[in-house]
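Visitor:
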Amino acid sequence: MKTKSDSSRFSVIANPTEDEVKEFQKGLEAYNMKKTNGEFNSPQPWLNLVLKDHEGIIVGGILTSTLYWSLYLEVLWVDEKYRGLGYGRDLVLEAQRLAKKNGCITSHVYTFSWQAPDFYQVVGYKLIATYEGYHGGITELILMKRLDSIDDESTQKVDSTRFTISEDSTEESQTIVRKGLGSNFEKYVSDLMKEYPQTGYKLVIKNDDGQVIGGVNGYTIFGTMNVEA
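Using UniProt numbering, read the sequence shown as starting at 1 and increasing by one per residue.
Okay, structure coming up:
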C-alpha cells in the first residue's frame with residue numbers, strides 16, 4: 001500500500017512483501033560490510049547455548065548475536081525452579097569464553113529494570129547508558145564488559161553434580177529458550193503489555209522504476225518505537 005506523498009517524491013510502501021523487505025535489508029547489509037571492510041557481522045556463527053537437567057530437559061539457555069567483534073546477549077533464561085544456583089552466571093561466562101575464543105573483544109547486554117541489571121553487574125558488566133522513556137516507569141539499561149578481563153580457566157571447571165551447558169542452534173531449542181523468557185514478561189509486565197501491545201512495522205521506498213532503494217523495519221514495546229534496520 002502506498003502512503004500519501006508529494007507526486008515528485010518516490011513512493012513509500014507500507015506493508016511491503018517479504019521480497020521487498022529482503023531487498024532493502026540486502027542493501028543495508030552491503031553498506032555496512034563496505035564500511036567495515038567485510039567485518040560487520042564478525043565473527044560467525046552466532047552462539048546459542050542451552051542448559052539441560054540430568055534427564056536432558058532444557059531448563060535454561062542463552063541466545064547471542066555478534067556485531068563487529070562484539071558479543072550481544074540477546075536472551076538469557078533459567079527455569080524459575082533453578083534460579084539462584086549460579087546457572088545464569090555459568091551460561092553468561094561460557095558464552096563469553098567461546099566468543100572471546102572466536103575473536104570478540106567486548107560483550108554487551110540490554111536489560112529492563114525489572115529483569116536483571118544487578119545480576120549483570122555482579123558478573124562484571126558496567127552500566128554505560130540508560131533509557132527512561134517507556135511507560136510504566138520502566139527503564140532500559142545498557143551494560144558492557146571487556147572480554148580481555150575474563151579468566152578463561154575459571155570458566156571451564158567441570159562438576160558432574162551440575163546441569164550441563166552445550167551449544168545448540170536448532171530452532172526447537174531456541175524456541176524453548178525464547179518462550180521461557182516470554183513467560184517472565186507475562187509474569188511481571190502482562191498488564192503493561194496488554195495496554196501497549198508489541199507491534200511490528202515495515203516500510204520500503206521505491207523509485208519511479210519500482211526498484212527498492214531504502215526502507216525501515218522495527219517494533220514497538222511498552223509504547224516506544226524501536227528501529228531495527
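Beta carbons are placed, not taken as given, at the ideal position from N, Cα and C, and that holds for glycine.
In chain order, what residues of the same chain lie with their CB nearer than 7 Å to the CB of V227, ignoring the 5 residues before and after it?
Guide: V216, G218
Visitor: With distances taken between CB atoms, is the gap from Y68 to S107 smaller than 9 Å?
Guide: no
Visitor: Is the separation between the beta-carbon of F112 and that of I138 shorter than 9 Å?
Guide: yes
Visitor: Cβ of L203 within 9 Å of Cβ of V12?
Guide: yes
Visitor: R97 lies in the alpha helix (DSSP H); which residues open and close that run?
Guide: Its alpha helix (DSSP H) spans residues 87-101.
Visitor: Using the Cβ count rule (16 or more neighbours within 10 Å means buried), how would you classify Q44?
Guide: Exposed.
Visitor: I need the boundaries of the alpha helix (DSSP H) containing I138, first residue and last residue.
Guide: Segment: none, I138 is in no alpha helix (DSSP H) and carries neither H nor E.
Visitor: Please determine if the region 185-201 and the region 87-94 are in contact, where contact requires at least 3 C-beta pairs separated by less than 8 Å.
Guide: no
Visitor: From K22 to E186, what does the alpha carbon distance come to, in whole angstroms?
Guide: 32 Å
Visitor: Which partner residues of N217 appear in the DSSP bridge assignment?
Guide: K202
Visitor: For the putative contact between H135 and F40, defined by C-beta atoms under 8 Å, what is the C-beta separation to the nearest angstrom?
Guide: H135 to F40, Cβ: 33 Å. No contact.
Visitor: Just how far apart, CA to CA, sit E172 and I62?
Guide: Straight-line spacing of the CA atoms in E172 and I62 works out to 14 Å.
Visitor: Which one of E29, A229, V212 has the shortest CA to CA distance from P16?
Guide: Comparing Cα-Cα distances from P16 to each of E29, A229, V212, the minimum goes to V212.
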